[in-house]
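Novice:
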Amino acid sequence: MSCLVQPSFLNLMFQYRRLFHAIAIQELRSVTAVPTVISWVDVILAKLGDVTSCVASAMHDRYDGLSDALRKRREEDNIRAAAQLPGS
């Protein structure tokens, strides 16, 4: 992925991610079970993963035949996966 974006950009994204996750956790202190926190940075990281996959497959869309519902599910799964990345 570092061929697509500068490592300093990824570093900055992870710094923002840590910051926004910390803010969200502080806001959710009163909640008994803390839900998975998803920030805008997680969405960007998920999209970067999609772009990386697309470039690696020579711009071939392997999900070309999927229905809109399955495409949406795939997008949500990618965002959920990005939200579970380690903090750095």
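Just so we're on the same page, this note's numbering is the position in the sequence shown counted from 1, plus 9.
Think of the CB as a built atom: it goes at the ideal place given N, C-alpha and C, for glycine as much as any other residue.
1. Hey, would you say V50 sits closer than 8 Å to F29, going by beta carbons?
2. For D86, tell me which candidate among V60, V52, V64 has the shortest Cα-Cα distance.
3. Is it right to say D54 is buried, meaning 16 or more other beta carbons lie within 10 angstroms of its own, or is it exposed?
4. The alpha helix (DSSP H) that contains A91, what's its start and end?
5. Which word fits S97, buried or exposed, when buried means at least 16 other C-beta atoms lie within 10 angstroms of its C-beta?
Specialist: So, to answer that:
1. yes
2. V52
3. Position check: residue 54 holds Leu in this sequence, whereas Asp was assumed. Classification of L54: buried, given that the 10 Å Cβ count is 16 or more.
4. 77–92
5. Confidence is the limiting factor: at S97 the pLDDT is only 49, short of 50, which leaves the residue's position unreliable and the question unanswerable from this model.
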